[in-house]
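The numbers in the sequence shown follow the numbering used here, run straight up by one, and end at 726. Notes follow once the structure below has been shown.
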Amino acid sequence: MGAKQSRGGGKPVNHPGERKTKRLFFAIDLPQSTIASAERLMETFRISPAAVGWVRAGNLHVTLKFLGDVPESNISALCDAVRGAVSGFANFRLTIEGMGMFPNQTRPRVVWFGAGGDTASLSKLESLVTKKIQPLGYPADERPFTAHITIGRVKSQTARGELIRLVHSNQKIFVGEVPVDSLMLYESKLSPGGSIYSVIESFQLRKTTCED
Ligand code: 2AM
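Right under this line is the structure:
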């Protein structure tokens, strides 16, 4: 077990020169209470999973930065680059509220809950992480960072009208609070049952008190 097998069930296939990689992303976790609240809300959404692939509640997160396939040999340098910088970054609070779609309502691809609260700190954290990992070969995204939680991925446009009505009726929805005390580095593995995320490392932010 563990090693990738060839289709014939023989020995693992090794390509000379191929470097092993992991698909990685930085994200902010949600507390259990906010996950539960999101789950309760999403259970009321009556749009078929054939039209929208709804994200499992346990997989909900705020993506800070998607890295794609990272050679395993680069991961510790990546963590080192981020750890020190993030440890001096003061913790902050977000709220999860509102609902919308990317890129637009004409042909939606992603359904999201929005982020509120201290989104300025979230953007600064994203810039800081970007700055620290850029020298390691991970360039800044061309699109500006937009804080959101992906809750669904549109599979077909058949339910577009229902989706638009759903998003409109939930535009002012309040989902929950998110104390941001740490930044997570996740590995994402694609499986037939959906993505499986596992923690590679957790980076603690600086704890501030009311006196700070
Ligand atoms: P998003 O859904 O929050 O926008 C893990 O797969 C996370 O990485 C996803 O939640 C997604 O962020 C982001 N992601 C996955 N594939 C991506 C890609 N090709 N480009 C940018 N972000 C991606």
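Even for Gly, the Cβ is constructed at its ideal location relative to N, Cα and C.
Residue of the options minimising C-alpha distance to residue i
i: Gly708; options: Leu719, Thr535, Arg560 and Arg570; result: Arg570
i: Lys686; options: Glu611, Pro585, Leu555 and Ala595; result: Glu611
i: His662; options: Leu650, Gly567, Thr577 and Ala550; result: Thr577
i: Gly690; options: Phe539, Thr548 and Phe659; result: Thr548
i: Met711; options: Arg533, Ala541, Thr535 and Val668; result: First, the amino acid is wrong: residue 711 is Tyr here, not Met. Taking only the C-alpha atoms, the option nearest Tyr711 is Ala541.
i: Pro585; options: Lys536, Met556, Asn618 and Pro545; result: Lys536
i: Arg560; options: Thr609, Arg679, Gly614 and Thr660; result: Arg679
Residue i burial status per 10 Å Cβ neighbour count (16 or more: buried)
i: Ile665; result: buried
i: Pro622; result: buried
i: Phe606; result: buried
i: Met515; result: Note that Met515 scores a pLDDT of 27, beneath 50, so its modelled location is shaky; the value from the coordinates is reported in the next line. It is exposed - the Cβ of Met515 has fewer than 16 other Cβ atoms within 10 Å.
i: Ala550; result: exposed
i: Val643; result: buried
i: Val694; result: buried
i: Ala673; result: buried
i: Ala634; result: exposed
For residue i: DSSP bridge partner residues
i: Ser547; result: Paired residues: none, contrary to the question.
i: His662; result: Gly628
Proximity test, Cβ basis, 9 Å: residue i and chain C
i: Pro693; result: Of the chains in the structure shown, none is chain C; there is only one protein chain.
Whole-number beta carbon distance between residue j and residue i, since they are thought to touch under 8 Å
i: Gln639; j: Phe603; result: The identity of residue 639 in the sequence shown is Leu, whereas the question assumes Gln. Correct: roughly 6 Å between the Cβ atoms.
i: Leu544; j: Ala591; result: Contact flag wrong, Cβ pair sits at about 29 Å.
i: Thr609; j: Val692; result: 7 Å
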